[in-house]
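If you read the sequence shown in this note's numbering, its first letter stands for residue 35, the second for the next number, and so on. Cβ coordinates follow ideal geometry from the N, Cα and C atoms, glycine included.
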Amino acid sequence: MESALTKKEHDKAVITAAVRMFGPLSRVELHRLTHWRPSTISTLVRELLEEGRLREAGTSNNPLGRKQVLLRINESYGFILGMELDSEKVIAATMDLTPQILAMVSQPARLDGGVEGLLNQLRDCADHLIQQQKAAGQQLLGIAFADTGLVDTQNGVSISSSLTEFWQNVPLRQLFEDEFHVAFLLESNTRAKTVAERILGAGEMADDMAYIDYGVGIGAGIFTGGRLLRGSRDTAGELGHTQVAENGPSCKCGSFGCLEAVASGAAIAGRARQAIRDGASSKALALAGEADKVNGRTVLEAARLGDKLCTSLMEDAEDYLGLAIANLVNLFNPSVVVLGKRFELAGPALTDRIARIVKRQALPHATENLVFRIGKFGDDAAVLGAGLLVLERLFEIPALKPPEFLKLDAHNQGLPLELRRT
């Protein structure tokens with residue numbers, strides 16, 4: 035059980051959270067936000083500078099009066115580690131507190147060694163990057179892991195995976211905290227990508243946003259009212275397992291006609307491979323080299339090149355995707371729908387098709403101002419999102435109720451006029 039912080043440590047946490055959220059800030063601006071005595075602010079800031087948690091970053095540009103020294107979070111105070119296990123590979127990256135990626139490794143996931151073999155690979159990737167940063171004199175502050183399957187975020191357990199049957203009820207938090215002695219967070223990779231796109235990417239901090247993750251499977255990440263939606267059992271956003279095709283093909287979840295079974299990268303790749311074996315001509319064969327190597331990415335690329343077979347397969351898939359996303363729009367009323375960057379491979383014609391279907395099928399009032407964007411991040415999306423989740427934990431206020439000003443967005447009303455962002 036964590037010990038209670040002293041009042042001074044709590045107040046330091048408020049200062050660092052304020053600087054991270056609204057910075058760069060001067061000591062005077064911190065006083066205006068907190069209403070604490072200037073002497074208290076000066077003492078806390080001095081100690082935070084000595085500890086290396088804050089750094090001075092130039093002076094204010096106010097034309098009148100004395101220029102104030104500005105404070106920023108010291109992004110080099112420590113580092114964090116983000117990891118992802120997806121359908122094909124293991125990705126790990128160390129980041130500073132911006133978060134900016136410092137180093138990254140990507141390896142094909144080793145599935146032939148069972149649970150222990152895959153855990154050893156994950157630990158080896160983590161340890162390699164951690165030791166690299168520690169050799170530069172930095173300290174590890176936290177780890178977050180984005181998993182491809184169902185997760186228990188409260189207990190840090192990977193429940194199951196679409197990747198392999200052996201990855202079940204794996205106590206990742208316990209294993210990583212015992213190994214590396216820092217806080218460990220577990221999240222689904224779709225929700226981690228959603229966090230990255232909202233905060234750093236195409237979501238542009240929209241309070242109500244949906245992210246569509248497309249690959250071997252299909253998932254959705256949802257922000258509503260500025261909060262990431264997880265649900266009571268961490269299964270919110272399983273868009274791929276909504277039924278869209280009556281009497282459709284069986285799905286690995288045990289149901290029939292799921293979106294994933296008819297429209298995922300795995301589904302369209304399977305149909306493309308079968309058509310090629312049956313004699314169909316397709317650019318996908320030239321791209322992959324042989325029929326058995328055709329995958330979802332190959333089909334997307336061939337569709338962008340105008341291949342008739344793959345364009346037809348993608349149009350069918352996007353009809354189903356459009357219907358599913360229209361239902362999501364009716365349910366959650368986002369202002370922005372971010373389509374994962376992989377959609378970009380198919381070209382704008384097919385992604386525009388999804389937007390047209392959604393606007394045709396969803397309520398007109400819900401789509402009147404709805405914006406569609408392609409995601410900014412590719413393979414690094416989930417590890418960036420994982421890093422952002424660690425930062426949110428590091429800078430959260432250890433109290434039942436944070437100060438009111440820390441509940442505000444820097445662009446919102448409520449801040450003193452001189453601190454508002456335009």
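Could you work out which residue in the options is closest to residue i when comparing CA atoms only?
i	options	result
V405	G274, G255 and E238	E238
G253	R54, E430, L373 and D350	L373
V204	H215, L184 and N223	L184
S315	S284, G304, C344 and L82	C344
Y354	T332, A389 and V371	A389
R407	D247, F200 and F214	D247
W201	L234, Q172, R311 and R144	R144
V124	Q134, L153 and N96	L153
S121	E231, S298 and E63	S298
N281	E213, H275, C292 and L273	C292
V392	A358, A336 and V216	A358
R387	V370, N95, Q277 and D350	D350
Q134	V149, G116, G151 and T276	G116
R157	G171, A178, D414 and A170	A178
L83	R66, H65, E63 and V53	V53
F429	L131, K42, G330 and L64	L131
Spatial neighbours of residue i within its chain, please: C-beta separation below 6 Å, excluding the five flanking residues on both sides.
i	result
M138	A127
A226	A180, A416, G419 and A420
L263	I256 and A270
I114	M129, L175, G176, G421 and V424
P368	D242, M243 and A244
R307	A325 and V328
E17	Look at the range of the chain in this structure, 35 to 456, and you will see that residue 17 is not part of it.
L434	Confidence is the limiting factor: at L434 the pLDDT is only 41, short of 50, which leaves the residue's position unreliable, though a coordinate-based value still follows. Result list for L434: empty, nothing under 6 Å.
G251	S196, G274, E294 and S298
M348	A337, A380 and L384
A322	V328 and T332
Leaving out the 5 sequence neighbours to the left and right, which residues in its chain are closer than 7 Å to residue i when beta-carbon positions are compared?
i	result
D241	F257, G259 and G260
R338	L379, A380 and G381
T93	K101, Q102, V103 and L104
N223	E118, D120, A180, D181, T182 and A416
T187	L220, E221, R264 and D268
V278	G291, L293, V296, Y354, L357 and A358
P142	E122 and K123
A396	A360, V363 and N364
So, with DSSP's three-state summary, where would you put residue i?
i	result
F179	strand
V250	coil
Y354	helix
I391	helix
K410	coil
K46	helix
F290	strand
A433	Confidence is the limiting factor: at A433 the pLDDT is only 47, short of 50, which leaves the residue's position unreliable and the question unanswerable from this model.
Q447	Interpretation of Q447 is limited by its pLDDT of 42, a score under 50 that renders its predicted location unreliable; no figure is taken from the coordinates.
V405	strand
R261	strand
E378	helix
A415	helix
Q134	coil
L397	coil
S76	helix
L59	strand
A325	helix
D341	coil
Taking DSSP's pairing of strands, which residues face residue i in a bridge?
i	result
F113	L174
G255	Y245
K101	In DSSP, K101 forms no bridge with anything.
R89	R106
E118	I125 and A180
E142	For the record, residue 142 in the displayed sequence is Pro; it is not Glu. The partner list for P142 (beta bridge, DSSP) reads K123.
S346	DSSP, once it has assigned bridges, lists no residue as partnering S346.
L373	I246 and I408
Q277	C292
L284	As written in the sequence, residue 284 is Ser, which differs from the Leu given in the question. S284 is bridged to F290.
Tell me which residues share the same chain as residue i and place their Cβ nearer than 8 Å to its Cβ, disregarding the 5 neighbours each side in the sequence.
i	result
R87	K46, T50, I107, N108 and Y111
Q167	F113, T128, L136, A137 and L174
F411	K227, A230, E231, L234, G235, K375 and L418
R61	P72, I75, S76, V79, Q102, V103 and L105
N96	Q102
T276	C292, L293, A358 and N361
L458	This structure leaves residue 458 out entirely; the chain is present only between 35 and 456.
Regarding residue i and the ligand COA, is the C-beta to nearest heavy atom distance less than 6 Å?
i	result
R71	Because no ligand of any kind appears in the structure shown, any question about the ligand COA cannot be addressed here.
Checklist entry - Of all the beta strand (DSSP E) runs that stay within the bounds of the region 162-243, which reach a length of 3 or more residues? => result 174-181, 184-186, 191-194 and 218-222
Item to check | Entirely enclosed alpha helix (DSSP H) segments - the region 292-319, minimum 4 residues | outcome: Counting only runs of at least 4 residues, the region 292-319 fully encloses the following alpha helix (DSSP H) elements, listed from N- to C-terminal order: 293-297 and 299-311.
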